[in-house]
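Take a look at the structure below.
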Amino acid sequence: MTPARLPFFVYGTLRPGEVNHDLFLRGRIRSEEPGRLPGALLYDGPGYPYAVEEPGGGPVLGELVTASPEEYDELLAALDELEEYAPGDPRNLYERVAREVVRVAARTAVRAWVYVSARSGVVRVRARGKLIE
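Residue 147, in the working numbering, is where the sequence shown stops; the numbers in between run on with no holes.
So, in structure tokens, the structure goes:
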């Protein structure tokens, strides 16, 4: 089954000025704008930032990134690899899920792909990671 062509919500190393922004997004995106992910908390590490779904939590601040149509499939595959995500793999660090993200400027919600901590890692992230306010 082919995943929907949703924009991506990025909150860590893919944000502008961070190490993976230019490596993965430059030349592949049509637009990016500030966004907020409600119902999640952001933790620093271990190793990377992790968004953890938490009803009533957040919002997590980040960027809503819209891929260029001709680059979409390649970008999706590259981000899945970066986030060590494979559909149904119990070893995933992250899960790619479709969630409502609020466009800050327009104050409207849009569905977007978000990489959140896989369930198997949530306890570890909460125990060893540092909550980012």
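A virtual CB, placed ideally from N, CA and C, is assigned to each residue, including glycine.
Which residues mark the beginning and the end of the beta strand (DSSP E) in which residue i is found?
i           : result
residue 131 : 122-131
residue 17  : Unbroken run through residue 17: none, as it is neither H nor E.
residue 44  : 43-51
residue 148 : Coverage of the chain is limited to positions 15 through 147, which leaves residue 148 absent and any answer about it impossible.
residue 64  : 63-67
Could you check what DSSP says for residue i in three-state terms: helix, strand or coil?
i           : result
residue 86  : helix
residue 96  : helix
residue 26  : coil
residue 119 : coil
residue 71  : coil
residue 135 : helix
Could you spell out the range, first to last residue, of the alpha helix (DSSP H) harbouring residue i?
i          : result
residue 37 : 33-38
Measure the CB-CB distance between residue i and residue j and report whether it falls below 8 Å.
i          : j           : result
residue 81 : residue 68  : no
residue 87 : residue 144 : no
residue 78 : residue 23  : yes
Quick check: the region 134-143 against the region 111-121, are there 3 or more CB pairs under 8 Å?
With the cut-off at 8 Å, the region 134-143 and the region 111-121 do not touch.
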